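**Q**
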Amino acid sequence: MFHMFVLFCLCCCQLIGVCCVEMVSVTEGDSVTLNTDVTAIHEDDDILWKFGAENSLIAKINRENQIFPDERFRDRLKLDRQTGSLTITNITTKHTGLYEVKISGTKRSTKTFSVSVYAHLPVPNITRDFSQNSSSSSSSSSSSNCSLVCSVVNVGHVTLSWYKGNILLSSISVSDLSISLSLPLEVEYQDKNTYSCVINNPIRNQTRHLNIRELCQSHSGTIVVNISDYLLTLTKPNHH
């Protein structure tokens, strides 16, 4: 499986040594390895992995055995016996948080990781906003404009944006889980530009391209046709 994660290292020097917090971003369902940066552990070394604000023990390795006491990580953890590095498989958003490894024995070292797990992103949905068109029917421009809305559901920590080519037109962001997120756009029926709606989080994005002819012209009550130098407008009857 392709590991979608990004590592950043924020190091801070202290009087007694160096502490390093690695910021790790990963997509839900993927695997991620938290490296100890140790090339080889010794027989007398004890390695403890802890998780969360409560510092719960989730993995332990010594000369005798490996222990995985935390049920939240059942069948998800693998310890490298040579380096003490920890691999989390099929990771979920519940595994977001701080991880700390302590190595004691021949040499003592501590390292902390901040892991952020992001859910898979859905492809945005673009639909015609008929209510908006109806409310603006008295406007002189309503016959040539098409109101659209791009939407996604059940997303969190994302940004939803409209683009005209490579130019950002508008965007909206949400940090917590949102039931529904939507962003409107108004275009002209005869607009030849390319538009796209993009949803993204810090490590991934999904794009839906707008087909103006399909969404606007095929559903409109007014069809605009250019014939030579003349503009002919045909109005389709409404069938109820």
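Numbering (mature numbering (1 follows the signal peptide of the UniProt record, and there is no 0)) for the sequence shown: -20 to -1, 1 to 220.
Positions of the beta carbon are idealized from the N, C-alpha and C atoms, including for glycine.
Quantities reported herein were computed from a predicted structural model and do not represent experimental measurements.
#1: At which residue ranges does the segment 10 to 89 contain complete beta strand (DSSP E) runs of 3 or more residues, listed in the order of the chain?
#2: What runs of the beta strand (DSSP E), each 3 residues or longer, lie entirely inside the segment 95 to 175?
#3: Could you pull out every residue in the same chain whose Cβ sits closer than 8 Å to the Cβ of Y98, ignoring the five residues on either side in sequence?
#4: Alpha carbon to alpha carbon, how far is T174 from L190? Give it in angstroms, no decimals.
#5: Out of curiosity, what's the CA-to-CA distance linking L149 and S141?
#6: Just the C-alpha distance for Y169 and D109, rounded to the nearest angstrom, thanks.
#7: Note down the Cα distance separating Q197 from S153, rounded to an integer number of angstroms.
#8: Determine the contact status of I41 and L59, defining contact as a CB-CB distance below 7 Å.
#9: Rounded to whole angstroms, how far is the Cβ of L78 from the Cβ of L14, which I believe are closer than 8 Å?
#10: Can you find the residues in the same chain that come closer than 6 Å, C-beta to C-beta, to Q46, ignoring five residues on each side of it along the sequence?
#11: Would you identify the three-state DSSP class for I183, choosing helix, strand or coil?
#12: Please state whether the Cβ-Cβ distance between C126 and V167 is less than 7 Å.
#13: Under a Cβ-count criterion, where at least 16 other Cβ atoms within 10 Å of its own Cβ denotes burial, should T16 be classed as buried or exposed?
#14: Can you check whether the CB of I192 is closer than 7 Å to the CB of P104?
#15: Can you give me the Cβ contacts of S36 inside the same chain, cut-off strictly under 7 Å, excluding the 5 residues immediately before and after it?
#16: Whose C-beta lies closer than 8 Å to the C-beta of G32 among residues of the same chain, with five residues either side of it excluded?
#17: So which of T187, L57, T63 and L163 has the shortest CA-CA distance to G145?
#18: Suppose you measure from the CA of Q62 to the CA of S155; what does that come to, to the nearest Å?
#19: Do you know whose CA, among T139, I83, Y143 and V129, lies nearest I21's CA?
#20: Look up V2 in the DSSP assignment and say whether it is helix, strand or coil.
#21: With distances taken Cα to Cα, identify the nearest neighbour of S158 among N134, S124 and V81.
#22: Assign S89 to buried or exposed, taking buried as 16 or more other Cβ atoms, counted over all protein chains shown, within 10 Å of its Cβ.
**A** Quick answer:
#1: 12 to 14, 26 to 31, 36 to 41, 57 to 59, 66 to 68 and 77 to 84
#2: 105 to 108, 125 to 135, 138 to 144, 147 to 154 and 158 to 168
#3: S5, V6, T7, E8, T73, H137, N181, P182, I183 and R184
#4: 7 Å
#5: 7 Å
#6: 14 Å
#7: 30 Å
#8: yes
#9: Actually they are not in contact, since the Cβ atoms of L78 and L14 sit about 11 Å apart, beyond 8 Å.
#10: Excluding sequence neighbours, Q46 sits near L59.
#11: coil
#12: Against a cut-off of 7 Å, the Cβ pair of V167 and C126 comes out as a contact.
#13: Burial state of T16 is buried, judged by a 10 Å Cβ sphere holding 16 or more other Cβ atoms.
#14: no
#15: K30 and D50
#16: G77 and L78
#17: T187
#18: 39 Å
#19: I83
#20: Sequence check: residue 2 is Glu here, not Val. Strand, per DSSP.
#21: N134
#22: buried
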